[in-house]
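2 protein chains.
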Amino acid sequence: MTEQRIVLDAHTSDPVTMGWMQGLPPAPEKRILAAAAGHMRFPTHRHAFSHMREFLPSARVSRGGGAVWELPESPRDDLDSVRFTTLDDGREMSWGDSLAANFTDAILVLHRGQVVYERYFGVTRRDTPHIAFSVTKSFVGTVAEMLVEEGRLDPEAPVGDLLPEMLGSGFADATLRQVMDMTTALDFSEDYTDSASGIGAFSLALGLTPRPAGYTGPTDIYAFLPTIVKAGEHGERFTYRTCNTEVLGWIVARTENKRLDRVLSERIWQPLGMEQDADFLIDSTGMPFAGGGLNPVLRDLARFGEAMRCDGVGHGGAAIPLAAVESIRGGASRTAFAKAGYVYLPDCSYRSQWWTMPGNHGAYAARGIHGQGIYIDPVAEMVIARFGSHPIAASSGNDPVSLPAYRAMAERLMQG
Amino acid sequence: MTEQRIVLDAHTSDPVTMGWMQGLPPAPEKRILAAAAGHMRFPTHRHAFSHMREFLPSARVSRGGGAVWELPESPRDDLDSVRFTTLDDGREMSWGDSLAANFTDAILVLHRGQVVYERYFGVTRRDTPHIAFSVTKSFVGTVAEMLVEEGRLDPEAPVGDLLPEMLGSGFADATLRQVMDMTTALDFSEDYTDSASGIGAFSLALGLTPRPAGYTGPTDIYAFLPTIVKAGEHGERFTYRTCNTEVLGWIVARTENKRLDRVLSERIWQPLGMEQDADFLIDSTGMPFAGGGLNPVLRDLARFGEAMRCDGVGHGGAAIPLAAVESIRGGASRTAFAKAGYVYLPDCSYRSQWWTMPGNHGAYAARGIHGQGIYIDPVAEMVIARFGSHPIAASSGNDPVSLPAYRAMAERLMQG
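Protein chains in written order, with the numbering used here: chain B, 50 to 465; chain R, 50 to 465.
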């Protein structure tokens, strides 16, 4: 018996080439069915990540009716030649080649606020909302910092005080700060390949992945979160767990007394002059998936990054208070972070749902599985926004290529 | 044993008062679950009709990035006093009182292109997309007329030629014109209260209503339509059947070689300078629900009506060819229509998915269940756009009040 393994690269898995959901009707073998989790699996996810609202219920994050924050364009044709060495196997690679290596769907580089590079691949276009996965967390963390700055949230308050529904759960005695910085100690594993993991069970409760017949677990986020139990002591080490952001999103919504989609519209989308409404995946109660459900267009991701780079000042004035931005940039405990063992992120930290990299020009990033990201390099005055559909549901699938690519791009831009 | 019947009127069923889906989390008794068809039932539908994308998968009908067609405002304060007599029980009623009588969610009156009256109720606001139900059909019929006018569709072509997939079905030997004017003869009943009716079975295939356990029927529109069989002879009488529009939408998509959401964006939304993207409910293959799945904002409904009133000229030029508009206004066979026995619509006809009322100033209308509508009175130079959430899923629930109200409003406006 011969075993054949078919390996698809970015070109052979291109969703246009593959023809997913194309045709009127699509041929049976070209259909992606949410009921079969096709929207969450490679290679069909290469189409689905740019069409999530077509598979799942969603809410609108409204841009309102204001003027768009125009991004001036001065494209450079020398950037595909930027070269770097991959972090894993030490290959030499060009920026141009890195895009396919990382299954990039869309990427944009801002330098001093100018669009110097912008590319779209597959089914993703400038006006296509794409799932941002955990980049969503950084939006939520930033709004939480704004509420702290306004004195409306006390970072030292225990979750049980902020959300009485969480009394009795493992979160009860964690502080808001520990939730924001993900130093809670919980029995919740973030293994995307295991449906029995914490994140797997959460995904069933949320409805992101289809529930098996006879499923009797929780059917919304509110019902799921109080079931999480403690494992260890809070505050000692960073452990990346999406459930923290779900609790944080709930706290933000409770504080603002409105749903998170509306909060993001009022706090971020309208003030920043975003060019498109975003789609926000929701559960059966209408609660947005704070840890990963936001679907913006690429340029709106870039606008958020640029506002952060510019001390919170975006389109026509301060949108995010400087103190909130500085709290994020300042980072958190590197000791706590180091315990998580991220090979490609030495001396980093996780602060208010952002990844801070003090060793790299004080860069900080919003990062999502399958290659979503905002990367801000303050020294190089650079912001990179990216969407991807990498086969691997972990940043470690992208980091060996994307991190040195971003650093090399920063160096090139600093040369002028 | 005492039987209690609780009757809810527009005020007692107001979705804000009822508090549907309000709270973080919503209380269990305030939740609307798509899995229990709560989005399709009174009184919960009073909330859901303004939030359909939060219950079901949807595609975006993009407005593009162009300028908005601004609607000048000159509000009049004398219009609530317009009086009329209801068609059923001959009650005297004022326009102001008619809004609650008809469970109106939003209504706008244009006179000579000026907004003279605009009201929003319950959870529906100016920027809230609301399901238009069968008003969707008139968008599809108008685009079909445009394709006929361009010579790309032959109204006399049989459906079997246009859609080989429909050979063997009851539609095969029906002409495109018969589909557009709904004079096909089919075994398909349009009874919204019977899940075993044609429309009930269609709704299950589409996924608009939840499928019972063990459901083995079709799971998309493409699979459902070919199962419809013939009953009688095509062309003899008008019978209102949504399945005609599903076939028409498929023909339009096949002709344009793109999905209907994209067709409507390019043909209507962008040229008319709509102010918001619309949401379009879709099936599991991504096919839009052509017969009733469009969710625009009220003002965009009004813009479409105003463009029709103005011979197809909207925002900055001709968007719809005059010949297409005239084909619709010209109406169809009144004899064929009369056989359907609409008590409140004597001497009317149904042409290209529009209802024409030659006896009333040559008015024509797009009409959807639960009170959706566009009503165009060319003589009074008036367009009315309306969203509703009437308990009754039939135009007959609204017509006795809304038709004389519209006529009385036209008379008032003609007085100056």
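Ideal Cβ positions, reconstructed from N, Cα and C, are used throughout, including at glycine.
query, result
"Inter-residue spacing [alpha-carbon to alpha-carbon] between Gly379(B) and Pro207(B)", "23 Å"
"Through-space distance from Ala193(R) to Glu430(R), alpha-carbon basis", "25 Å"
"Per DSSP, the bridge partner or partners of Pro337(B)", "Ile331(B)"
"Reference Asp332(R); option with closest CA among Ala149(R), Thr384(R), Trp118(R) and Ala254(R)", "Ala254(R)"
"Residue environment, Val392(B), which counts as buried when at least 16 other CB atoms sit within 10 Å", "exposed"
"Buried/exposed call for Pro477(B), threshold 16 Cβ in 10 Å", "With chain B covering 50 to 465 only, the question about residue 477(B) has no answer from this structure."
"is_contact[Met70(B), chain R] using C-beta, thresh 8 Å", "yes"
"Reduced DSSP secondary structure (H/G/I, E/B, other) of Phe133(B)", "strand"
"Residue of Leu313(R), Gly340(R) and Gly266(R) minimising C-alpha distance to Thr291(R)", "Gly340(R)"
"CB of Thr191(R) within 8 Å of CB of Ile369(R), strictly", "yes"
"Residue burial classification, Leu462(R) (beta-carbon count within 10 angstroms, cutoff 16)", "buried"
"Candidates Thr224(R), Leu347(R) and Met101(R): closest to Tyr424(R) by CA position", "Leu347(R)"
"Chain R within 8 Å of Ile248(B), Cβ atoms only", "no"
"Per-residue burial, Gly72(B) [other beta carbons within 10 Å of its own, 16 or more giving buried]", "exposed"
"Neighbour-count burial assignment, Gly417(B), 16 or more Cβ in a 10 Å radius", "buried"
"Residue-chain proximity (Leu255(R), chain B), Cβ-Cβ < 8 Å", "no"
"Rounded C-alpha distance that separates Ala150(R) from Arg140(R)", "12 Å"
"Same chain only: Cβ atoms within 7 Å of Met396(B), ignoring 5 sequence neighbours per side", "For the sequence presented, residue 396(B) should be read as Asp rather than Met. Same-chain partners within the cutoff: Arg383, Pro407 and Gly408."
"Classification of Thr51(R) by the beta-carbon crowding that lies within 10 angstroms, buried from 16 upward", "In this predicted model, Thr51(R) has a pLDDT of only 49, less than 50, meaning its place in the structure is not dependable enough to derive any value."
"For Leu202(R) and Asn306(R), the rounded distance between their alpha carbons", "13 Å"
"Rounded C-alpha distance that separates Leu452(R) from Gly162(R)", "21 Å"
"Proximity of Asp63(R) and Gly145(R) at Cβ, strictly below 8 Å", "no"
"Nearest residue (CA-CA) to Phe436(B), options Thr185(B), Thr233(B) and Thr134(B)", "Thr185(B)"
"Per-residue contacts from Glu103(R) into chain B (C-beta, under 8 Å)", "Pro106, Ser107, Ala108, Ile331 and Gly335"
"Residue interval of the beta strand (DSSP E) (run including His160(B))", "Thr153 to His160"
"Limits of the alpha helix (DSSP H) - the one that Thr66(R) falls within", "Pro64 to Met67"
"At least three beta-carbon pairs within less than 8 Å, the segment 309-327 of chain B to the segment 107-127 of chain B", "yes"
"Chain R within 8 Å of Asp326(B), Cβ atoms only", "yes"
"Local conformation of Gln464(B) per DSSP, three classes", "coil"
"Per-residue contacts from Tyr271(R) into chain B (C-beta, under 7 Å)", "Pro74"
"At least three beta-carbon pairs within less than 8 Å, the segment 442-457 of chain R to the segment 125-142 of chain R", "yes"
"Chain-ordered chain R contacts of Leu216(B) [CB-CB under 7 Å]", "Within chain R, no residue comes near Leu216(B); the closest Cβ sits about 15 Å away, beyond 7 Å."
"Span of the alpha helix (DSSP H) around Ser187(B)", "Val184 to Glu198"
"Euclidean distance between Cα positions of Thr258(R) and Thr294(R)", "19 Å"
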